[in-house]
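A.B. asks: Those protein sequences? They're chains A and B, same order as listed. Using our numbering, you'd call the opening residue of the first sequence number 1 and step up by one each time. Using our numbering, you'd call the opening residue of the second sequence number 1001 and step up by one each time. In this text, a Cβ means the ideal position worked out from N, Cα and C, and glycines have one as well. Predicted, not measured: the structure shown is a model, and the values here were computed from it. Dumping the structure here so I can ask a few things about it.
There are 2 protein chains.
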Amino acid sequence: MTVLLINAWVATVDDSLSQHNPGWVQIDGTTITALGSGAPPMIENAEIIDCGGDIVMPGMVNTHCHMGMSVFRGLAEDVDDRLYRYILPLERAFVTPEMVRIGSALSALEMIEAGVTTVADMYYFETEVGHVVAQAGLRAIVGQTLADFNPPDHASFVEGFARVEELVALFAGHPLVTASIAPHAPYSTGRAVMEQVAQWSDAHPANPVQMHLAESQLEVDWARKTHAQSTVAVTRDAGLLKPNLICAHCLQLEDADIAMMSEHQVCVATNPRSNGKAGRGIAPVEKLRNAGLPVGIGSDGAMSGNTLDLFSQLAPVSMFAKLLGGSRKPLPAVDVVRMATIEGARVLNLNLKTGSLEPGKQADMIRISLASPRLHPIYDPYSMLVFAAGPSDVTDVMVAGRWLKRAGVVQTLDPHQVLRDAMQIAEKFKAEMVRIDGATP
Amino acid sequence: MTVLLINAWVATVDDSLSQHNPGWVQIDGTTITALGSGAPPMIENAEIIDCGGDIVMPGMVNTHCHMGMSVFRGLAEDVDDRLYRYILPLERAFVTPEMVRIGSALSALEMIEAGVTTVADMYYFETEVGHVVAQAGLRAIVGQTLADFNPPDHASFVEGFARVEELVALFAGHPLVTASIAPHAPYSTGRAVMEQVAQWSDAHPANPVQMHLAESQLEVDWARKTHAQSTVAVTRDAGLLKPNLICAHCLQLEDADIAMMSEHQVCVATNPRSNGKAGRGIAPVEKLRNAGLPVGIGSDGAMSGNTLDLFSQLAPVSMFAKLLGGSRKPLPAVDVVRMATIEGARVLNLNLKTGSLEPGKQADMIRISLASPRLHPIYDPYSMLVFAAGPSDVTDVMVAGRWLKRAGVVQTLDPHQVLRDAMQIAEKFKAEMVRIDGATP
């Protein structure tokens, strides 16, 4: 069956930033087979969809997320010691396969609503996340986290690696879901285990590695104190700096660290709202990109960044780069759109499949309504997307030729059930928060 | 006629931050007459509106805007010399009463859609802005700009003052629209004319003064070079630092400037997205508030900040303060909501009329749908409003008891006509941009 989108403003985000307006896109099965300007081809029995001048563009790629955590969204906002006071106790008490399933479903629903078609996730009980994204129809990297702080799903690294193996076996050959190994961070994994992860990774080249890197002063201090070098250097010496490493955050970097990362061709996921809200600083995105590193955009978990769409992140990515550079010029809007699509796909090593609209690529695309007055006039569609559009402007979402959202309605999840489950579990957390606050002098 | 909103999550933003959930609000004519929790009063012939658990809160107060400029939205994005290369030539060639009317209508439409109920504007041909906001039903301060750079509507300050007088006469006694005088900035007005404005203001205590202050390095350098003091000190010596002065931007401030502003009890409008996009720095909002100054939030014009709703500004206001402070603690979400409502009203000297839901105040309120998955769970409604909600979540908007938006539909403007006019005028600008770029070597 052929689907033909016509009368669209097609923003391909290909290498030459081709736009077709009015344009058309032909989809056969899971794949984009043709696209162009002017008169669309005549194809018998094709389903023809008139886009009424709306933008059709690649689906967005969220390069760093903790989907299970959406049930903690906005909890303990503005509190500096929230990690130790609330998050870790709550995670130990409440993170179960069921909680991860419920949180991941809420996250999948939100991302589909907002035009995210690919997500890289790392959390606990990650097989549950894999089941949810597979059902929801999202393209995903699902990473089992490994950490030494007695996390909810493994009491030892041996148990953690066993969970990784289970995840890999479960999604081997899956068309949309790729298993990943996710050492939490250098300080919470330790150099010996990072070496083990590097060896595991050499034996599993198709499974990306995800890790928080250079996120906090605490981590920088740990590396200096324990290894007398930077946290990036520790990671390099463990053998983990490789093209299939997705480094999240990357705030606390010296120029020498960026050079190391560039030499080893790692990939970066920047999380502007999460970092900005924590007051932790601004990632040197321009420097990283100028050093040749692909930088994608991530939402982080909803307890840190609140929303999982990428629209919320686009203006912050741009503003932060301009504030660092002291000028309007750094990171123009078109580069921000690239980061949210094709460059994010490159970060996840999925750029041959997704991230731009080109014949032969998977049909991962979104339609954006231009009905809202806040979107007009449009002198530059990239400026409009970065600084004016929002998640509510996304009307249709397709992944691999399958509609996940159609004419404003999510097709693969039951929104009422998902919301009901999330709100029910939140009541338990509220009670626990009251208990913690009561117990705290 | 009485209107009774029932089954609402009423966030009053009054001094004690009272919430009523489920709660009700009674409106008689233009005024809130009662509100509370539990069973609503029985009132014969009242129109009863069941809010289905949605948030009902004060309408937002946009404390700095150039409504006419929305037809320039996103034009010449990411270009450092845009002011002299594009904006000033375009303004000289195209800013006419018609253009201001069309741009202001687009802005009014966008703000009503997004839950802004009060706006402080400054631009040219400001009587046109006044007519538009009056028709749209917005509460507004409309400021006639005075400047020395040959602006589109006055060749001399004498002509400029004449325009101010015309504006004041036109809106004398208007229930919603207040005329204002708006010296553009210290460097573009000059000390002698600032003194004239101060004298005019003494004679017109009900008409606020709006001015860009300490916005750029250029301005700081001008003050040092011309007057050997800070731009704030120049403004003070001209007699302009007074409680009815609304200072927009306030980026380049020394501690001594903040002390001066505090001593003279001026008001501040911070414009985070506009400032962030220009790479100009972060306003010291915490310091200003700690010095006792009320700080409201502004969108600036759509050529600088792109959108005119306040939701887009809330997370940036918070993130910028946390980045400046290096911690999660500065400017908690509840303070950001205050700034967007009651504190903004105080900046405009309208806090006895609007900015919170309290008996006796004008019925300026908005309803926010909680249907979107990105808004759940809700542990703290202020966190939800600042970090997750967006302009599209606003379903109903009331100003002084009149519905400007009802069940998702704007009542006082014709959206199709407004958009058509704006897109038509944009075509002229596009042609002029091509001409400018062609003429530039």
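1) Verify the CB distance criterion: does residue 1080 of chain B have a CB-CB separation below 8 Å to chain A?
2) Classify residue 388 of chain A as buried or exposed, calling it buried when 16 or more other Cβ atoms lie within 10 Å of its own Cβ.
3) Could you give the first and the last residue of the continuous beta strand (DSSP E) run that contains residue 14 of chain A?
4) Give a yes or no on whether 8 Å exceeds the smallest Cβ distance from residue 279 of chain A to chain B.
5) Give the interface partners of residue 379 of chain A over in chain B, defined as CB-CB distance under 9 Å, in chain order.
6) Just grab the DSSP bridge partners of residue 1146 of chain B for me.
7) From B:1235, B:1242 and B:1136, pick the residue whose C-alpha is nearest to that of residue 1402 of chain B; which is it?
8) Since residue 1094 of chain B meets chain A, which of its residues come closer than 7 Å, beta carbon to beta carbon?
9) DSSP on residue 1177 of chain B, reduced to helix/strand/coil?
10) Indicate whether at least one CB of chain A lies closer than 8 Å to the CB of residue 1027 of chain B.
11) At a CB-CB cut-off below 8 Å, which residues of chain B make contact with residue 376 of chain A?
12) For the alpha helix (DSSP H) holding residue 425 of chain A, just list the boundary residues, first then last.
13) Grouping DSSP H, G and I as helix and E and B as strand, with all else coil, what is residue 1227 of chain B?
14) The alpha helix (DSSP H) with residue 316 of chain A in it runs from where to where?
15) With distances taken from CA atoms, which of A:246, A:3 and A:150 is nearest residue 212 of chain A?
16) Could you pull out every unbroken beta strand (DSSP E) segment of at least 3 residues lying fully inside the region 1379-1403 of chain B, listed in chain order?
17) Restricting to Cα atoms, I'd like to know which of A:288, A:302 and A:269 is closest to residue 120 of chain A.
18) Residue 1098 of chain B to residue 1330 of chain B, Cα distance in whole Å?
19) Which bits of chain B does residue 307 of chain A rub up against, with CB to CB less than 8 Å?
20) Based on Cα-Cα distance, which residue from A:10, A:125, A:392 and A:189 lies nearest to residue 38 of chain A?
21) With a CB to CB cut of under 8 Å and the five nearest residues on each side skipped, what residues in its chain are close to residue 381 of chain A?
22) DSSP puts residue 1020 of chain B in a beta bridge; with which residues?
23) Determine the direct distance from the alpha carbon of residue 205 of chain A to that of residue 395 of chain A, and round the result to whole angstroms.
24) Go ahead and label residue 359 of chain A buried or exposed: buried means 16 or more other beta carbons lie within 10 angstroms of its beta carbon, across all protein chains shown.
25) Would you say residue 1118 of chain B and residue 1140 of chain B are within 8 Å of each other, going by their C-beta atoms?
26) Helix, strand or coil for residue 207 of chain A per DSSP?
27) Measure from the C-beta of residue 1219 of chain B to each C-beta in chain A and report whether the shortest distance is under 8 Å.
28) Can you pull the DSSP bridge partners for residue 1060 of chain B?
29) Does the structure place the region 284-301 of chain A close enough to the region 257-268 of chain A that three or more beta carbon pairs sit under 8 Å?
30) Taking the alpha-carbon positions, what's the residue 185 of chain A to residue 1216 of chain B distance?
31) On a Cα-Cα basis, can you pick out the residue from A:377, A:23 and A:64 that is closest to residue 49 of chain A?
32) So residue 78 of chain A and residue 1089 of chain B are supposed to be a Cβ contact under 8 Å. How far apart are they, rounded?
33) Quick one, which of A:341, A:128, A:357 and A:191 has its alpha-carbon nearest residue 228 of chain A's?
34) Whose CA, out of B:1094, B:1068 and B:1123, lies closest to the CA of residue 1101 of chain B?
35) Is residue 58 of chain A closer than 8 Å to residue 4 of chain A when the C-beta atoms are compared?
36) Taking the CB atoms as reference points, tell me whether residue 383 of chain A and residue 14 of chain A lie closer together than 8 Å.
C.D. replies: Walking through what the data contain:
1) yes
2) buried
3) Looking at the DSSP string, residue 14 of chain A is not in any beta strand (DSSP E), and its letter there is neither H nor E.
4) yes
5) 1072, 1073, 1074, 1075, 1076, 1077, 1426, 1429, 1430 and 1433
6) B:1183
7) B:1136
8) Chain A residues near residue 1094 of chain B: none, gap ~13 Å exceeds 7 Å.
9) strand
10) no
11) 1073, 1106, 1419, 1422, 1423 and 1426
12) 415-439
13) helix
14) 311-325
15) A:246
16) 1394-1399
17) A:269
18) 44 Å
19) 1374, 1387 and 1388
20) A:10
21) 9, 11, 19 and 55
22) B:1010
23) 37 Å
24) exposed
25) yes
26) coil
27) no
28) B:1116
29) yes
30) 41 Å
31) A:23
32) Residue 78 of chain A to residue 1089 of chain B, Cβ: 45 Å. No contact.
33) A:191
34) B:1068
35) no
36) no
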